[in-house]
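Comments concern the structure below.
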Amino acid sequence: DYELWESDGTTAGTKKVKEINPLFGKASDPRSLTIVGNQLFFVAEDGLHHEELWVTDGTTNGTKMVKDISTHKVSGSKPIGLTKYENKLFFVALDSSGKSGLYVSDGTTNGTKEIKGYSPATWFTPYSNLTVYDGALFFSAHDTGYYDLWKMTDTTLNTNPPTSITTATKGESSITIAPNPAHDKVFITLDKAYDAAELTIVDITGKLVLSKKLDTQQKQIELTLPNIPIGIYLLNLQHKDGVITERLVIE
C-alpha cells in the first residue's frame, strides 16, 4: 500500500513514517509533497476524512492532518497546486459545499484559512496553476465571466478579501489565437519573438495537457490538438521575462 516513507539513502535508514490509512487494503496515497521551512506538506486520505492537507516533520507523532477543510460526507477538500511563497504554503481547495478557494497554511489548524473564495456575485473561482515570480504569487482564476491572471504581492492578509490580491496588469505583450473555439488545430500569432519561450496548455485543474518549445525568433505557431477533450483551457506563453496567459476553448 502507498504510504509516506523517508530515506537517508541507505537500506537501514529507509522506513515508513506513518500508517496514515489503517483500513485493510487501503492506502493514504501521499502526493504533492512540498517543503516549506522545516515542514513537508502533502495531500493524503486517512480513510475517515477523505483527501485533505497533511504535514510532517519526519516523525510518526509529527505527521498529522493539518485541517479538515471540507466536512463533506463523500469528498475531501482535494488540495491542489501546493506552492511555497513567503515561507507559507498556498494552495487551492474545495470547501464543504464544493466551492473552490485560495488557501494559506503555516502548518497549524488555526493558521490554515481561505483567503479568497468563490464569489456568487462574480463567480470568482481560482485554479491550481500557482506560480511564484518576481516576488509575487500568480494564479489563474475565473471572474465575471473571464479567465484572468491574478497576483498576490504580500502575505499580511489583514483584510478580507486581501487587498494584496489583484488582477495582474496586462502588459503590451499579446497572443492571438485562431480559431478560438478550436477543434483539432489552432494557429497562434505572437506580437513579437521571445527567446527561450515555451507554449503550454493546461486544463482548469492545472494539469498539463500539451507543451511545445519555441524556436528563437518564432512568432507564428501551428499547434495540433491530439485527443484533447472538449473544454476550457489556459494557453500560457512562458518566456524569460514572465508569462502571458490566454483562454482557449476546445469544442
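Numbered according to the numbering used here, the sequence shown spans residues 42 to 292. Even for Gly, the Cβ is constructed at its ideal location relative to N, Cα and C.
In the DSSP assignment, Lys-108 falls within the unbroken beta strand (DSSP E) covering 105-108. Short of 7 Å from the beta carbon of Asn-79, and not among the five residues preceding or following it, lie these beta carbons of its own chain, in chain order: Asp-98. By the beta-carbon neighbour count (other beta carbons within 10 angstroms, threshold 16), His-224 is exposed. Of the other Cβ atoms in all chains shown, 16 or more fall within 10 Å of the Cβ of Pro-120; this residue is therefore buried. The Cβ atoms of Tyr-144 and Lys-154 sit closer than 8 Å to each other. With fewer than 16 other CB atoms across the displayed protein chains lying within 10 angstroms of its CB, Lys-254 is exposed. Shortest Cα-Cα distance from Tyr-235 to any of Gln-261, Gly-247, Ile-245 and Ala-219 involves Gln-261. For a cut-off of 8 Å, the C-beta gap from Ser-111 to Ala-85 is around 14 Å, too long to register as a contact. The Cβ-Cβ distance between Gly-142 and Tyr-159 falls below 8 Å. By the CB criterion at 8 Å, Ala-238 and Phe-228 fall outside the cutoff. An exposed status is given to Gln-258, since fewer than 16 other beta-carbon atoms sit within 10 Å of its beta-carbon. Between Thr-75 and Leu-123 a beta carbon distance of about 4 Å is seen, short of the 8 Å cut, so the two are scored as contacting.
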